[in-house]
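If you read the sequences in order, they're chains B and S.
When you read off a place in the first sequence, starting at 1, and then add 19, the result is the number in this note's numbering.
When you read off a place in the second sequence, starting at 1, and then add 137, the result is the number in this note's numbering.
In this text, a Cβ means the ideal position worked out from N, Cα and C, and glycines have one as well.
Just so it is clear, the structure is predicted and the values come from calculations on it, not from any experiment.
I have placed the structure first, in the form of structure tokens, so that the comments after it can refer back to it.
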Amino acid sequence: MLYSMCFLLFIIGLYCVLVKKNMVKIVLGIVIMEYAVNLFLIMLGYRLGGIAPIVGQNDYASGAVDASFTQASVDPLPQAMVLTAIVISLGSLALMISICIRTYERYGTFDITQIRRLKG
Amino acid sequence: MEHLEFYILLLFVIIGSLVAVETKNLLSAVICIGAAGFGGSLMFLFLRAPDIAITQIVVEVLALVILIRVTISRDKTFISGDWELVGVLFSVGFLLIIFLAGTQVFDALPEFGSPSFIANNHGDTASGHYIQEGLSETGAANIVTSVILDYRAYDTLGEATVLFTSILGAVVILRKQSRNRLETEP
């Protein structure tokens with residue numbers, strides 16, 4: 020059920036990309052899809068009643084983890100991958116927004132149906 | 138009801154995204170995206186991913202600044218009309234089919250709350266190895282840190298390259314000086 024709601028969020032973003040005519044709305048749709056995918060990947064690694072993958076003080080002092088940590092920690096691998104993906108999404112957002120700003124300066128509109136003639 | 142906080146937060150994110158998609162004013166759409174992003178960051182916190190939550194908050198603030206930069210002081214931002222009716226109906230039907238087909242796939246996934254890496258024995262999977270040996274092999278208390286900066290450090294290097302390239306592209310697209318200089322040159 021939670022997975023399906025996450026997929027619904029992805030579908031909302033895809034709808035925004037397919038149907039809207041405003042360039043900034045299309046960028047927002049891509050941002051929504053990024054949220055959905057990141058949430059889904061983190062959800063895949065969640066363990067019921069789990070703890071964050073950070074070693075406690077006693078384990079850190081002794082230098083080895085005990086069973087109470089390994090039996091309760093959530094999956095650290097998707098978290099590391101999603102951390103990378105979030106930062107990259109900021110870079111791609113900056114690139115898309117700069118293209119939008121440039122297009123607005125040249126054509127005076129965000130409407131993608133008006134942007135059809137070549138200029139310059 | 139089990140996992141009530143996840144349902145509430147996910148519903149908040151979905152409602153925020155729906156308002157952002159359907160509202161006419163671009164500035165309020167951007168602010169709704171920000172609200173949805175902060176809801177997602179809270180959800181990461183409840184999913185026991187504090188690193189992701191902190192990163193999400195920082196990235197969200199920066200993204201909000203970038204998005205407000207593009208919407209503020211623009212005159213004609215209100216054109217948010219849809220395509221003609223047939224195209225909209227076709228794409229909605231297409232998305233409905235994708236959604237119904239996609240929800241069937243989730244039956245094959247493990248139940249929420251029991252990830253696949255604990256299904257078989259610990260130590261057999263990469264995640265189990267990171268949890269069990271991460272502290273003794275890398276000396277980092279935070280296992281996520283030990284993964285991104287030690288086990289998969291080349292991945293982080295590639296991420297830095299991608300980030301550099303995208304910012305370079307944005308700077309090249311947005312610059313004005315060089316274009317003028319080229320035009321004045323003989």
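Option in the options with minimal Cα separation from residue i
| i | options | result |
| --- | --- | --- |
| A263/S | D94/B, T122/B, C119/B and I134/B | D94/B |
| I191/S | L201/S, L204/S, G177/S and F249/S | G177/S |
| S111/B | L204/S, E270/S, Y291/S and I285/S | L204/S |
| D188/S | E270/S, V284/S, L232/S and G250/S | V284/S |
| I152/S | G174/S, H140/S and E270/S | G174/S |
Rounded straight-line distance, which links the Cα of residue j to that of residue i
| i | j | result |
| --- | --- | --- |
| I45/B | Y288/S | 36 Å |
| Q98/B | G82/B | 23 Å |
| L184/S | P72/B | 11 Å |
| G171/S | G239/S | 27 Å |
| L148/S | K313/S | 43 Å |
| T122/B | I134/B | 8 Å |
| A80/B | L201/S | 41 Å |
| C25/B | L182/S | 17 Å |
| L164/S | L155/S | 15 Å |
| I116/B | Q76/B | 44 Å |
| I107/B | L146/S | 24 Å |
| V150/S | A86/B | 36 Å |
| A290/S | T282/S | 10 Å |
| F236/S | I194/S | 29 Å |
| I168/S | A113/B | 17 Å |
| M180/S | V56/B | 13 Å |
Three-state secondary structure (DSSP) of residue i
| i | result |
| --- | --- |
| G250/S | strand |
| N279/S | strand |
| K161/S | coil |
| D94/B | coil |
| D85/B | coil |
| D292/S | helix |
| I203/S | helix |
| K313/S | coil |
| I73/B | strand |
| P323/S | Residue placement at P323/S cannot be trusted, given a pLDDT of 49 that sits under 50; the coordinates are not used to answer. |
| D287/S | helix |
| R185/S | coil |
| K40/B | coil |
Rounded distance between the beta-carbons of residue j and residue i, thought under 8 Å
| i | j | result |
| --- | --- | --- |
| L21/B | M62/B | 6 Å |
Residues in the segment 294-316 of chain S with C-beta within 7 Å of chain B's C-beta atoms, listed in sequence order?
-> Residues are counted here when their Cβ sits less than 7 Å from a Cβ of chain B; for the segment 294-316 of chain S these are E296, V299, L300, S303, I304, G306, A307, I310 and L311, given in chain order.
Which of the residues in the segment 167-189 of chain S, read from start to end, lie with their CB under 8 Å from any CB of chain B?
-> Those residues of the segment 167-189 of chain S that come within reach of chain B (Cβ to Cβ, closer than 8 Å) are V167, I170, A173, G174, G177, M180, F181, L184, R185, A186, P187, D188 and I189.
Chain-ordered residues of the segment 103-116 of chain B with a beta carbon less than 8 Å from chain S | Those residues of the segment 103-116 of chain B that come within reach of chain S (Cβ to Cβ, closer than 8 Å) are T103, I105, V106, I107, S108, L109, G110, S111, L112, A113, L114 and I116.
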